Amino acid sequence: MEKITSFTIDHIRLQPGVYVSRRDRIGAETVTTFDLRMTSPNEEPVMNTAEVHTIEHLGATFLRNHPEYKDKTIYFGPMGCRTGFYLLLAGDYSSRDILPLVRQMYEFIRDYKGEVPGASPMDCGNYLDMNLSMANFLAKRYLDQVLYDIDDSRLVYPV
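Counted the way this note's numbering counts, the sequence shown spans residues 1 to 159.
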């Protein structure tokens, strides 16, 4: 059986960043999948499910309400390995193209206070598994350590 593309990335050399994971053609449209890698795989602890779940709720809420990207957002959700998130956008984009959007989203998550959107038994199947303070902390860390001063080595997968 052929390895899927995401399993061909060197996860030993991969560092936190914003990467184009793949581009798919669906009819006349292109869908770009981004790897928003927040932690260094196999080097540092993965994120716990509560903060991952909180970032997912806040990130999806931000994207689905964004004036420019709400109709282009196909999906935002966690990687199974809990080292980052996938963002799927309708359109052909580079990592650099979406940096302003990603920064805005993580600033929203960093600064968010109050009830997490969708964190109720009516809205979510695991609404109690949330950790807003850790989501705020991890968003700040990603902004400060990666997004605010990102260079090309964090925008293209290592070869």
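We put the beta carbon where it would ideally sit given N, CA and C, even for glycine.
Here the structure is a predicted model, which is why all the values come from computation and not from measurement.
Legend entry - Residue environment, residue 35, which counts as buried when at least 16 other CB atoms sit within 10 Å: In the sequence shown, counting from the first residue as 1, residue 35 sits at position 35. So residue 35 ends up on the buried side.
Inset, instruction - Determine, using beta-carbon pairs with one atom in the stretch 33 to 47 and one in the stretch 89 to 104, whether at least three such pairs fall under 8 Å. - result: yes
Inset, instruction - Enumerate, from N- to C-terminal direction, the unbroken beta strand (DSSP E) stretches of 3 or more residues contained entirely within the stretch 80 to 116. - result: Segments of the beta strand (DSSP E) lying fully in the stretch 80 to 116: 84 to 90.
Inset, instruction - Would you be able to state if there are at least three C-beta pairs under 8 Å between the stretch 63 to 75 and the stretch 39 to 51? - result: no
Legend entry - Bridge-paired residues (DSSP) for residue 20: By one-based count along the sequence shown, residue 20 stands at place 20. Answer is 34.
Inset, instruction - Decide if the stretch 53 to 64 is in contact with the stretch 72 to 92; the criterion is three or more beta carbon pairs, one per stretch, under 8 Å apart. - result: yes
Legend entry - Cut-off 8 Å between Cβ atoms - residues of its own chain near residue 121, not counting five sequence neighbours on either side: As a working mapping, residue 121 is identified with position 121 in the sequence shown. Counting only Cβ-Cβ distances below 8 Å, and skipping sequence neighbours, we find 127.
Inset, instruction - Could you spell out where the alpha helix (DSSP H) holding residue 137 opens and where it closes? - result: On the sequence shown, residue 137 is found 137 positions in, with the first residue counted as 1. Residue 137 -> alpha helix (DSSP H) spans 132 to 142.
Legend entry - Cβ-Cβ distance between residue 16 and residue 38 below 7 Å: Residue 16 sits at position 16 when you count from the first residue of the sequence shown. Residue 38 sits at position 38 when you count from the first residue of the sequence shown. Yes, the Cβ-Cβ distance between residue 16 and residue 38 is below 7 Å.
Inset, instruction - Name the residue from 139, 152 and 157 whose alpha carbon lies nearest to the alpha carbon of residue 59. - result: Mapped onto the sequence shown, residue 59 falls at position 59. The option with the nearest alpha carbon to residue 59 is 139.
Legend entry - Spatially closest choice to residue 6 from 135, 100 and 79, by CA coordinates: In the sequence shown, the residue the question calls residue 6 occupies position 6. Taking only the C-alpha atoms, the option nearest residue 6 is 79.
Inset, instruction - Check whether the Cβ atoms of residue 106 and residue 19 sit closer than 7 Å, and answer yes or no. - result: Your numbering for residue 106 matches position 106 in the sequence shown. Your numbering for residue 19 matches position 19 in the sequence shown. No.
Legend entry - Reduced DSSP category for residue 59 - H, G, I as helix; E, B as strand; rest coil: The sequence position of residue 59 within the sequence shown is 59, counting from 1. Reduced to three states, the DSSP call for residue 59 is helix.
Inset, instruction - Quick one: using the 10 Å Cβ neighbour count with 16 as the cut-off for buried, is residue 102 buried or exposed? - result: Position 102 of the sequence shown, counting from 1, holds the residue named residue 102. By the neighbour-count rule (16 or more Cβ atoms within 10 Å), residue 102 is buried.
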